[in-house]
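J.: Protein chains in written order, with the numbering used here: chain A, 1 to 417; chain B, 1001 to 1055. Just dropping this structure here.
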Amino acid sequence: MRNKYSVFSLIKNAISYHENWQRAWKDPAPKKEYDAIIVGGGGHGLATAYYLAKKHNMNNIAVVEKGWIGGGNTGRNTTIIRSNYLWDASAGLYDHALKIWEGLSQELNYNVMFSQRGVMNLAHNLQDVRDLKRRTHANRLNGIDAVYLSTEEVKKFCPIINTSPDIRYPVLGGTLQRRAGTARHDAVAWGYARGADAMGVDIIQNCEVKGIKRNGDSVEGIETTKGFIKTKKVGVVAAGHSSVIANMAGLRLPLESKPLQALVSEPVKPIIDTVVMSNAVHAYVSQSDKGELVIGAGTDDYVSYTQKGSHQIVEGTLNAILELYPIFSRMRMLRQWGGIVDICPDASPILSKTSIKGLYFNCGWGTGGFKATPGSGDLFAHTIANDEPHKLNAAFNLNRFVSGDLVDEHGAAAVAH
Amino acid sequence: MFLINCPYCGERDQQEFKAGGEAHIERPKQPTELSDDEWAEYLFMGKVHRSRSRV
């Protein structure tokens, strides 16, 4: 039985010097067989397992993770959550996730520190202005909150932005989604892991998948560093390494894996209480609860699997940050890192069945998957349990690259990658 | 910014020397005869594997 976290449990454990907290999840050895196995213990994978157990009564399942849970892109992103996407299919997908975020801490009994501080997207040229106005209208038609702001309103909402007309890329306006914001990335992985574990899901860390065993066109199991595990359903949620896993099953995916970088500054007192993103100059910034500025940079221009990224990408981002926020000119950056993101040709994800029975892929989230974590898990669980996509992820099938029915979000992404 | 001295055009930004992606992709010789699957293969399915770079 899982003990509930509450103010009373906090007091009780304080009295015993916090030495008797229950383990948040077990550390089981793999069983011989499961009804389904999720490959990848990031936020999306753990959420998938959680909803499989919770909504579809599949409790004899496991999550296998090469390293430790939440150690990949879940722990490497800039934690921005928004749903102001242009196309109807994307709006449905991302707003489904945002609605789950709004009640997630209560549902998981785990504080994911979801903070609806708003996300502002800036326009720096006339085309940006037109695109953002169009996106605002499209969002509102889809029932997603969005407002267009003038330069003065941008300045009023975030006073430290340099709105002088003399800068190289002046701020001509922006959009604001007030329901958008940030969350604590580790807590999302840990909260889902704890919730899934309580329902009987085995979370197996340090267990790398080495092969996928097929019998003709069906899945029979997976080879791992902890031995062979039999199963009829495998859901792969491996982000930048999805194509590597696909190759093991003899499949190819339309993905390119690239390093995406982020960096944080030294912690300072509260200075920016929202998230500001800028497509044209590629700069986005927010402030963590610890006080660090969290800055997102771009992807490298070429395919790579090294979790670091190139220096000139950081340089370009910081140039833009300094022009927009001269107040940060003497801030020191503390840490910089990269994560391997899997980018689809249309910059939209794949949540889909494949030509192999029992093999499912949830990938292609590219540079913006964190925001979708709860929705992605929910819809992928539905797809695995029913062997059919939910209506919200039907458009994000693998066949769209053959049919040509792409969900082209390149133009609507908040920053250019 | 890291500048690289090009023997033909002098000092250039390192960005200009980046790997341009998958090379030696053959364009379809008879585009009108390609099936949808073959188009998808040509346009989207990269052959990039996680491995050492070719030198």
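From the three backbone atoms N, C-alpha and C, an ideal C-beta is built for every residue, glycine too. Note that the coordinates shown come from a computational prediction; the quantities given were computed from them, not determined experimentally.
1) Check each residue of the segment 1009-1026 of chain B: if its Cβ is closer than 9 Å to any Cβ of chain A, include it; give the result in chain order.
2) Determine contact between the segment 167-185 of chain A and the segment 29-41 of chain A, defined as no fewer than three beta-carbon pairs at a distance below 8 Å.
3) Check the Cβ of VAL39(A) against every Cβ in chain D and list those closer than 9 Å, keeping chain order.
4) Taking only beta carbons into account, state which residues of the segment 375-406 of chain A come closer than 8 Å to chain B, listed in chain order.
5) Per DSSP, what kind of secondary structure is LEU440(A) in: helix, strand or coil?
6) Could you check the C-alpha separation between SER288(A) and ALA1023(B) for me, to the nearest Å?
7) Quick check: is the beta carbon of ARG1052(B) nearer than 8 Å to any beta carbon in chain A?
8) Beta-carbon of VAL244(A) versus every beta-carbon of chain B: anything under 8 Å?
9) Which residue wins for smallest C-alpha separation from GLU1016(B), given the options LEU255(A), ASP301(A), ASP186(A) and LEU392(A)?
10) Can you list the residues of chain B that LEU252(A) reaches, using a CB-CB cut of under 7 Å?
11) For the candidate residues GLY75(A), ILE61(A), PHE328(A) and GLU19(A), whose alpha-carbon lies nearest to that of THR373(A)?
12) Cβ of GLN312(A) less than 8 Å from any chain B Cβ?
13) Look at the alpha carbon of GLY45(A) and the alpha carbon of ILE167(A), and state the distance between them as a whole number of angstroms.
14) Determine the direct distance from the alpha carbon of VAL64(A) to that of LYS232(A), and round the result to whole angstroms.
15) Could you please give me the residues that DSSP links to ASN362(A) through a beta bridge?
16) What is the DSSP secondary structure of ILE384(A), reduced to helix, strand or coil?
17) Buried or exposed for THR1057(B), please, with buried defined as at least 16 other CB atoms from any protein chain shown within 10 angstroms of its CB.
18) Go ahead and pull the three-state DSSP assignment for PHE157(A).
19) Are the CB atoms of ILE321(A) and PHE396(A) nearer to each other than 8 Å?
20) Do SER310(A) and GLU409(A) have their CB atoms nearer than 8 Å?
21) Ignoring anything shorter than 3 residues or poking outside the segment 277-343 of chain A, list the beta strand (DSSP E) runs there in chain order.
22) Counting pairs of Cβ atoms below 8 Å between the segment 106-126 of chain A and the segment 263-278 of chain A, do you hit three or more?
23) To the nearest angstrom, how far is the alpha carbon of MET248(A) from that of GLY338(A)?
24) Using only alpha-carbon positions, find the residue among VAL188(A), TYR284(A), LEU260(A) and GLY216(A) that is nearest to GLY366(A).
25) Report, in whole angstroms, the separation of the C-beta atoms of LEU255(A) and CYS344(A), which I expect to be a contact under 8 Å.
26) What residue does the beta strand (DSSP E) around ILE356(A) start on, and which one ends it?
27) Give the straight-line distance between the Cα atoms of ALA196(A) and PHE361(A), rounded to the nearest whole angstrom.
28) Does the structure place the segment 81-89 of chain A close enough to the segment 185-200 of chain A that three or more beta carbon pairs sit under 8 Å?
29) Return no unless some Cβ of chain B is closer than 8 Å to the Cβ of ASP301(A).
30) In this structure, does DSSP put GLY216(A) in helix, strand or coil?
31) Buried or exposed for LYS4(A), going by 16 or more other Cβ atoms inside 10 Å?
32) Please state whether DSSP places VAL171(A) in a helix, a strand or coil.
33) What is the rounded straight-line gap between the Cα of ILE340(A) and the Cα of GLY40(A)?
34) Are the beta-carbon atoms belonging to TYR192(A) and LEU108(A) less than 8 Å from one another?
35) Taking the alpha-carbon positions, what's the GLY71(A) to GLY42(A) distance?
T.: From the atom records:
1) ASP1013, GLN1014, GLN1015, LYS1018, ALA1019, GLY1020, GLY1021 and GLU1022
2) no
3) The question asks about chain D, but that chain is absent: this structure's protein chains are A and B.
4) PHE401, VAL402, SER403 and GLY404
5) Nothing can be reported for residue 440(A): it is not among the residues displayed for chain A, which extend from 1 to 417.
6) Counted from its first residue, the first sequence places residue 288(A) at position 288. Counted from its first residue, the second sequence places residue 1023(B) at position 23. Each residue's alpha carbon lies about 42 Å from the other.
7) One-based indexing of the second sequence puts residue 1052(B) at position 52. Not closer than 8 Å to any Cβ of chain A, the Cβ of ARG1052(B) fails to qualify, so no.
8) Locating residue 244(A) in the first sequence gives position 244, counting from the first residue. Output row for VAL244(A): interface = yes.
9) As a first step, residue 1016(B) must be located in the second sequence, where it is residue number 16. Residue ASP301(A) is the option with its Cα nearest to GLU1016(B).
10) Walking along the first sequence from the start, residue 252(A) turns up at place 252. Reading the sequence as shown, one finds Arg at residue 252(A) and not Leu. Here the neighbours are MET1045.
11) The residue labelled residue 373(A) in the question sits at position 373 within the first sequence. Among GLY75(A), ILE61(A), PHE328(A) and GLU19(A), the Cα nearest to that of THR373(A) belongs to GLY75(A).
12) Walking along the first sequence from the start, residue 312(A) turns up at place 312. True, the Cβ-Cβ gap to chain B drops below 8 Å.
13) In the first sequence, the residue the question calls residue 45(A) occupies position 45. In the first sequence, the residue the question calls residue 167(A) occupies position 167. Spanning the two alpha carbons is a distance of roughly 44 Å.
14) Along the first sequence, read from residue 1 onward, the residue named residue 232(A) stands at position 232. Along the first sequence, read from residue 1 onward, the residue named residue 64(A) stands at position 64. Distance between the alpha carbons of LYS232(A) and VAL64(A) is about 15 Å.
15) As a working note, residue 362(A) is residue 362 in the first sequence. Secondary-structure assignment with DSSP links ASN362(A) through a beta bridge to LEU351(A).
16) For the purposes of this step, residue 384(A) is taken as the residue at position 384 of the first sequence. It is helical.
17) One cannot answer for residue 1057(B) here, as it falls past the ends of chain B, which runs 1001 to 1055.
18) Reading the first sequence from its first residue, position 157 is the one you call residue 157(A). In this structure, PHE157(A) counts as helix in the three-state DSSP scheme.
19) One-based indexing of the first sequence puts residue 321(A) at position 321. One-based indexing of the first sequence puts residue 396(A) at position 396. In this structure, PHE396(A) does not lie closer than 8 Å to ILE321(A) by Cβ.
20) As a first step, residue 310(A) is located in the first sequence; it is residue number 310 there, counting from the start. As a first step, residue 409(A) is located in the first sequence; it is residue number 409 there, counting from the start. Their beta carbons are not under 8 Å apart, which means SER310(A) does not touch GLU409(A) by this criterion.
21) 283-287, 293-299 and 333-343
22) yes
23) Start at 1 with the first residue of the first sequence, and residue 248(A) comes out as number 248. Start at 1 with the first residue of the first sequence, and residue 338(A) comes out as number 338. When rounded, the distance between both Cα atoms is 25 Å.
24) Along the first sequence, read from residue 1 onward, the residue named residue 366(A) stands at position 366. Of the listed residues, the one whose Cα sits closest to GLY366(A) is LEU260(A).
25) Along the first sequence, read from residue 1 onward, the residue named residue 255(A) stands at position 255. Along the first sequence, read from residue 1 onward, the residue named residue 344(A) stands at position 344. With 8 Å as the limit, LEU255(A) and CYS344(A) qualify as a contact, their Cβ atoms being about 6 Å apart.
26) In the first sequence, counting from the first residue as 1, residue 356(A) sits at position 356. Careful: ILE356(A) lies outside any beta strand (DSSP E) and carries neither H nor E.
27) In the first sequence, residue 196(A) corresponds to position 196, counting from 1. In the first sequence, residue 361(A) corresponds to position 361, counting from 1. Each residue's alpha carbon lies about 20 Å from the other.
28) no
29) Within the first sequence, the letter at position 301 stands for residue 301(A). Yes - at least one Cβ of chain B is within 8 Å of the one on ASP301(A).
30) Counted from its first residue, the first sequence places residue 216(A) at position 216. Reduced to three states, the DSSP call for GLY216(A) is coil.
31) For the purposes of this step, residue 4(A) is taken as the residue at position 4 of the first sequence. Flag for LYS4(A) reads exposed.
32) By one-based count along the first sequence, residue 171(A) stands at place 171. Of the three classes helix, strand and coil, the one that applies to VAL171(A) here is coil, per DSSP.
33) Numbered from its first residue, the first sequence carries residue 340(A) at position 340. Numbered from its first residue, the first sequence carries residue 40(A) at position 40. Distance between the alpha carbons of ILE340(A) and GLY40(A): 14 Å.
34) Along the first sequence, read from residue 1 onward, the residue named residue 192(A) stands at position 192. Along the first sequence, read from residue 1 onward, the residue named residue 108(A) stands at position 108. Taking 8 Å as the Cβ cut-off, TYR192(A) and LEU108(A) qualify as a contacting pair.
35) Within the first sequence, the letter at position 71 stands for residue 71(A). Within the first sequence, the letter at position 42 stands for residue 42(A). The straight-line gap from Cα to Cα measures roughly 7 Å.
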